[in-house]
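In my numbering, the protein residues as written are 661 to 887.
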């Protein structure tokens with residue numbers, strides 16, 4: 661058995677023990693429906709205390725951290741609410757006990773839903789942020805073209821272009837403008853020109869790539885200013 665199985669077994673044993681103690685200690689004439697509901701809520705609270713560390717164990721570290729506040733609050737609210745409901749039932753305040761049951765269960769469901777929504781939002785955002793920017797790939801591709809340059813006239817502009825790629829802005833997650841397509845196509849054309857020893861065509865292509873790169877920088881700056 662793994663750790664989760666042992667925790668589940670311990671939670672079940674604790675919950676059953678509490679239910680049996682209530683059944684044994686509380687006289688039969690005072691075992692009302694309100695007490696039964698309060699006892700079940702108490703058992704649920706005990707199970708949650710055992711199992712809440714397992715919530716989100718398959719999520720990322722950031723997603724789990726996002727759930728700590730809500731789940732931690734529930735781990736305090738649920739036992740306190742269950743204890744209050746049990747006390748109200750034992751003292752004969754059945755209506756108050758039922759009201760506390762509804763309040764606690766509703767808060768529990770809403771809290772878990774909000775924690776799950778927050779974790780999913782952070783996970784989706786992290787997946788977008790982790791997408792690599794194309795400028796790093798461009799720098800590698802252009803750097804590999806330097807040995808193909810036939811002379812210093814082309815080697816210097818290609819090296820300068822590779823350096824410009826190095827300091828280019830990162831792409832905005834989920835957005836790739838037309839400039840990216842032009843730059844990628846330009847690199848392919850530049851490689852062809854260098855392999856064919858077409859110096860003039862290579863220089864023209866480098867100029868076109870630099871223009872597209874400058875336009876990309878401006879577009880990214882404009883988009884980030886709107887955030």
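Even for Gly, the Cβ is constructed at its ideal location relative to N, Cα and C.
Remember, predicted model here, so these are calculated numbers, not experimental data.
- Counted as a single uninterrupted DSSP element, the alpha helix (DSSP H) harbouring residue 867 occupies residues 859-885.
- Scanning 701, 861, 769 for the CA closest to the CA of residue 747 turns up 701.
- Spanning the alpha carbons of residue 864 and residue 730 requires a straight line of approximately 59 Å.
- With fewer than 16 other CB atoms across the displayed protein chains lying within 10 angstroms of its CB, residue 856 is exposed.
- Between the alpha carbons of residue 776 and residue 739 lies a distance of about 21 Å.
- Judged by beta-carbon spacing, residue 682 lies within the 8 Å limit of residue 699, meaning their Cβ atoms are closer than that value.
- The C-alpha of residue 876 is placed about 21 Å away from the C-alpha of residue 851.
- In this structure, the beta-carbon distance from residue 797 to residue 822 does not fall below 8 Å.
- Under the 8 Å Cβ criterion, the stretch 668-675 counts as touching the stretch 707-714, having at least three qualifying pairs.
- Separation of residue 849 and residue 802 (C-alpha to C-alpha, rounded to the nearest whole angstrom) is 11 Å.
- Judged by their CB atoms, residue 854 and residue 805 are nearer to each other than the 8 Å cut-off.
- Of the residues assessed, residue 780 falls on the exposed side of the cut-off, its CB having fewer than 16 other CB atoms within 10 angstroms.
- Boundaries cannot be given for residue 806, as no alpha helix (DSSP H) includes it and DSSP labels it neither H nor E.
- In the DSSP assignment, residue 664 falls within the alpha helix (DSSP H) that extends over 663-685.
- With a threshold of 16 other beta carbon atoms within 10 Å, residue 676 falls short and is exposed.
- The Cβ-Cβ distance between residue 883 and residue 840 does not fall below 8 Å.
- For residue 843, the uninterrupted alpha helix (DSSP H) run begins and ends at 838-855, by DSSP.
- Within the same chain, Cβ atoms closer than 7 Å to the Cβ of residue 761 are found at 697, 698, 701, 745, the five residues on either side in sequence being excluded.
- Here the alpha carbon of residue 844 sits roughly 35 Å from the alpha carbon of residue 723.
- Residue 706: member of the alpha helix (DSSP H) spanning 693-711, first to last residue.
- The C-alpha of residue 705 lies about 22 Å from the C-alpha of residue 752.
- Residue 829 carries a coil assignment under DSSP once its states are collapsed to helix, strand and coil.
- Shown here, residue 753 sits in coil according to DSSP, grouped into three states, outside any helix or strand.
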